[in-house]
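Residue numbers (the UniProt record's numbering): 1 to 421. What follows is a short report on a single structure.
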């Protein structure tokens, strides 16, 4: 509100109000000097370039009760974004999807650092150029041609010009649009631009430009056979519709396939390029092999025919092979997706009841998880349990100790570690 009052008083040349606001501001600084000092000191947290993240987190932990300060968390991801900007200075890590695929970066909760990390300095400068250009448009005076249009000769020839410019003067939206645009720039410093905010980011300058009445409609006639054009549009629309429908049906099948093999197979058939579907299919196939086929083989008696026994064993081998192939294929399609690696480890643990060698493969998968997510204590806890199951107690102790180091109140890890002592 103070900023709005200052801008309004400057625009309207109300010197008395401006002086009054200045006196009020200095009075607040004088009376609340201690509070202002603390506020200025806390600004260290919002400076991603000159403040020390480690120091901020260390100081915050001394007085923290419950969850962490959101600004301390932001400082961690801001530092990560800056490091990525230094590592990939020209074009960044890739626009959003590329960053997710390589597990390098997610969101910095700072739109400017987000552009730096994902598009490099080239993208950041382009974004800043767009901002300054928009501000220049919003702050610019009305075009000089408006005053020329209001000359006596043109006004007598076209009286509607007076109404148009009177309407323009009566409905000056410049101040609220400027303040709204600046508020977006401020909120984007502490977060990323969601759909609503991004829409207003472009709408505010567009509203101002349309308000000036300087728009030109440019049309061009395209000589194209009408029937051919209709067929092209309908064909493209039908192709897109069928593609979306196929993906929707695949997603429905995937959701229902969490306990249904046939639906999982349908999901993969409809969308074979989705690694999540392949990973779930592999996990379900492993459960079919261990919970359905293997128990039936064990229940076979000596009187069971050799052909039936051989057929059952071939089914078991095939399902085991397919399960491993599907989870490995899913991971190969996205090597840095934690959920896919967790599904792969879960599948290998399921198959370990058939062959203990899969325990070792599950451990290797879990170790890969710790490389990608080194601060997740549960990964080390699960590794410790796996090492315990194959009687590697020394390695299990190290894993449990690491889990406790990352999460000092991890009671389950403490209990497991005490059992090994």
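Where is the CB? At the ideal position from N, CA and C, for every residue including glycine.
Query - Which of helix, strand or coil DSSP assigns to residue 211 - result: Translated into positions along the chain shown, residue 211 becomes position 211. In this structure, residue 211 counts as helix in the three-state DSSP scheme.
Query raised in the report: Expressed to the nearest angstrom, what Euclidean distance is found between the alpha-carbon atoms of residue 293 and residue 413?
Result: The count along the chain shown starts at 1 and reaches residue 293 at position 293. The count along the chain shown starts at 1 and reaches residue 413 at position 413. The alpha-carbon atoms of residue 293 and residue 413 are separated by roughly 35 Å.
**Report entry** CB of residue 138 within 8 Å of CB of residue 202, strictly
**Finding:** Working through the chain shown from its first residue, we reach residue 138 at position 138. Working through the chain shown from its first residue, we reach residue 202 at position 202. For residue 138 and residue 202, no; Cβs fall outside 8 Å.
Requested in this report: Report the residue from 409, 112, 230 and 363 whose alpha carbon sits nearest the alpha carbon of residue 191.
Outcome: Numbered from 1 along the chain shown, position 191 holds the residue referred to as residue 191. Comparing Cα positions, the closest option is 112.
Query raised in the report: Tell me which same chain residues have a C-beta within less than 8 Å of the C-beta of residue 423, skipping the five on either side of it?
Result: The question about residue 423 has no answer here: the residues shown for the chain are numbered 1 through 421.
Query raised in the report: DSSP three-state call for residue 300: helix, strand or coil?
Result: Stepping through the chain shown from its first residue, residue 300 is reached at position 300. Looking at residue 300 - three-state DSSP - the assignment turns out to be coil, as it is neither helix nor strand.
Query raised in the report: What are the boundary residues of the alpha helix (DSSP H) that includes residue 313?
Result: Mapped onto the chain shown, residue 313 falls at position 313. From DSSP, the alpha helix (DSSP H) with residue 313 extends over 306 to 333.
Query raised in the report: With 16 as the cutoff for other CB atoms within 10 Å, does residue 134 come out buried or exposed?
Result: As a first step, residue 134 must be located in the chain shown, where it is residue number 134. Flag for residue 134 reads buried.
Query raised in the report: What's the gap between the Cα of residue 383 and the Cα of residue 324?
Result: Reading the chain shown from its first residue, position 383 is the one you call residue 383. Reading the chain shown from its first residue, position 324 is the one you call residue 324. For residue 383 and residue 324, the distance between alpha carbons rounds to 20 Å.
Report task. Determine the contact status of residue 342 and residue 308, defining contact as a CB-CB distance below 8 Å. Result -> Numbered from 1 along the chain shown, position 342 holds the residue referred to as residue 342. Numbered from 1 along the chain shown, position 308 holds the residue referred to as residue 308. Contact: no.
Report task. Give a yes or no on whether the C-beta atoms belonging to residue 173 and residue 207 are separated by under 8 Å. Result -> Residue mapping note: residue 173 aligns to position 173 of the chain shown, counting from 1. Residue mapping note: residue 207 aligns to position 207 of the chain shown, counting from 1. A contact, by the Cβ cut-off of 8 Å.
**Report entry** Cβ shell of residue 94 (< 6 Å), same chain only, five flanking positions each side left out
**Finding:** By 1-based counting over the chain shown, the position of residue 94 is 94. Excluding residues within five positions, none has a Cβ falling inside 6 Å.
Query raised in the report: Starting from residue 379 and walking both ways along the alpha helix (DSSP H), at which residues does that stretch end?
Result: Start at 1 with the first residue of the chain shown, and residue 379 comes out as number 379. Per DSSP, residue 379 belongs to the alpha helix (DSSP H) from 377 to 389.
Report task. Determine, using beta carbons only, whether residue 274 comes closer than 8 Å to chain D. Result -> Of the protein chains in this structure there is only one, and it is not chain D.
Query raised in the report: Taking residue 378 as the reference, which of 355, 402 and 394 has the closest Cα?
Result: For this step, residue 378 is matched to residue 378 along the chain shown. Nearest option by C-alpha distance: 402.
Query raised in the report: Contact between the segment 297 to 304 and the segment 347 to 367: three or more CB pairs below 8 Å?
Result: no
Query raised in the report: Are the beta-carbon atoms belonging to residue 351 and residue 286 less than 8 Å from one another?
Result: For the purposes of this step, residue 351 is taken as the residue at position 351 of the chain shown. For the purposes of this step, residue 286 is taken as the residue at position 286 of the chain shown. Yes, these two residues count as a Cβ contact at 8 Å.
Requested in this report: With a threshold of 16 other CB atoms inside 10 Å of the CB of residue 195, please say whether the residue is buried or exposed.
Outcome: As a first step, residue 195 is located in the chain shown; it is residue number 195 there, counting from the start. It counts as exposed.
Requested in this report: Classify residue 338 as helix, strand or coil using the three-state DSSP reduction.
Outcome: Against the chain shown, residue 338 aligns to sequence position 338. Reduced to three states, the DSSP call for residue 338 is helix.
Query raised in the report: Buried or exposed: where does residue 317 fall if 16 or more other Cβ atoms within 10 Å of its Cβ makes it buried?
Result: Position 317 of the chain shown holds residue 317. Exposed is the call here.
Query raised in the report: Ends of the alpha helix (DSSP H) at residue 288?
Result: Counted from its first residue, the chain shown places residue 288 at position 288. Its alpha helix (DSSP H) spans residues 275 to 288.
**Report entry** Where residue 178 sits in the DSSP three-state scheme
**Finding:** Residue numbering aside, residue 178 sits at position 178 when the chain shown is read from its first letter. Residue 178: helix per DSSP, three-state reduction.
Query raised in the report: In its own chain, which residues sit with a C-beta less than 7 Å from the C-beta of residue 184, not counting the 5 before and 5 after it?
Result: One-based indexing of the chain shown puts residue 184 at position 184. Here the set comprises 197, 200 and 201.
Requested in this report: Over the uninterrupted alpha helix (DSSP H) stretch that includes residue 91, give me the two end residues.
Outcome: Here residue 91 refers to the residue found at position 91 of the chain shown. No alpha helix (DSSP H) contains residue 91, which DSSP labels as neither H nor E.
Query raised in the report: Beta-carbon separation of residue 280 and residue 254 under 8 Å?
Result: Mapped onto the chain shown, residue 280 falls at position 280. Mapped onto the chain shown, residue 254 falls at position 254. Contact flag set, yes.
Query raised in the report: Buried or exposed: where does residue 243 fall if 16 or more other Cβ atoms within 10 Å of its Cβ makes it buried?
Result: Translated into positions along the chain shown, residue 243 becomes position 243. The residue is exposed, with fewer than 16 neighbouring Cβ atoms inside 10 Å.
Report task. Return helix, strand or coil for residue 260, following the three-state DSSP convention. Result -> On the chain shown, position 260 is the one that residue 260 refers to. Residue 260: coil per DSSP, three-state reduction.
Query raised in the report: How about residue 85 and residue 116: are their beta carbons less than 8 Å apart?
Result: Here the question's residue 85 lines up with position 85 in the chain shown. Here the question's residue 116 lines up with position 116 in the chain shown. Cβ distance < 8 Å, so residue 85 and residue 116 count as in contact.
**Report entry** Spatial distance of residue 259 from residue 386 (CA atoms)
**Finding:** Taking the first residue of the chain shown as 1, we reach residue 259 at position 259. Taking the first residue of the chain shown as 1, we reach residue 386 at position 386. Each residue's alpha carbon lies about 25 Å from the other.
Report task. Taking all protein chains shown into account, decide if residue 78 is buried (16 or more other Cβ within 10 angstroms of its Cβ) or exposed. Result -> Counting from 1 along the chain shown, the entry for residue 78 is found at position 78. Its Cβ being crowded by 16 or more others within 10 Å, residue 78 is buried.
Requested in this report: Measure the alpha-carbon distance for residue 110 versus residue 188 and round it to whole angstroms.
Outcome: To locate residue 110, count along the chain shown from 1; it is residue 110. To locate residue 188, count along the chain shown from 1; it is residue 188. Approximately 6 Å between the Cα atoms of the pair.
Query raised in the report: Using DSSP with H/G/I as helix, E/B as strand and the rest coil, what is residue 124?
Result: By one-based count along the chain shown, residue 124 stands at place 124. The answer is helix: DSSP assigns residue 124 an H, G or I state.
Query raised in the report: Alpha carbon to alpha carbon, what distance is there between residue 298 and residue 289?
Result: Along the chain shown, read from residue 1 onward, the residue named residue 289 stands at position 289. Along the chain shown, read from residue 1 onward, the residue named residue 298 stands at position 298. The alpha-carbon atoms of residue 289 and residue 298 are separated by roughly 12 Å.
Query - Pairwise C-alpha distance: residue 239 and residue 349 - result: As a working mapping, residue 349 is identified with position 349 in the chain shown. As a working mapping, residue 239 is identified with position 239 in the chain shown. Each residue's Cα considered, the two are about 42 Å apart.
Query - Boundaries (first-last residue) of the alpha helix (DSSP H) holding residue 418 - result: Here residue 418 refers to the residue found at position 418 when the chain shown is read from its first residue. From DSSP, the alpha helix (DSSP H) with residue 418 extends over 411 to 420.
Query raised in the report: Under the three-state reduction of DSSP, which class applies to residue 344: helix, strand or coil?
Result: Mapped onto the chain shown, residue 344 falls at position 344. Looking at residue 344 - three-state DSSP - the assignment turns out to be helix.
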